[in-house]
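A.B. asks:
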């Protein structure tokens with residue numbers, strides 16, 4: 001995303017960021033289901049952060065692909 005912000009060049013990374021964030025959310029959900037109260041709170045925060053990051057990254061991909 002740095003290329004887009006700094007230079008206006010859309011160049012998504014080679015890594016599948018959306019899949020990584022999906023896996024991270026699933027791991028967090030497992031921690032919510034089985035963790036201690038402190039772990040559950042941290043996992044809920046992690047899941048919310050990953051969900052927001054996924055939404056923002058998805059929008060980045062959509063906007064970037066339209067402008068190519």
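In UniProt numbering, the protein residues as written are 1 to 68.
All C-beta atoms, glycine included, are put in the ideal place defined by N, C-alpha and C.
Apart from the five residues just before and just after residue 29, which ones in its own chain have a Cβ nearer than 7 Å to its Cβ?
C.D. replies: Excluding residues within five positions, the ones whose Cβ falls inside 7 Å are 47.
A.B. asks: For chain B, is any of its Cβ atoms less than 8 Å away from the one on residue 21?
C.D. replies: Of the protein chains in this structure there is only one, and it is not chain B.
A.B. asks: Would DSSP call residue 9 helix, strand or coil?
C.D. replies: Coil at residue 9, not helix or strand.
A.B. asks: If we ignore side chains and look at the alpha-carbon of each, how far apart do residue 27 and residue 6 end up?
C.D. replies: C-alpha separation (whole angstroms): 33 Å.
A.B. asks: Using a Cβ-Cβ cutoff of less than 7 Å, which residues in the same chain neighbour residue 3 once the five nearest sequence positions on both sides are dropped?
C.D. replies: Excluding residues within five positions, the ones whose Cβ falls inside 7 Å are 9 and 11.
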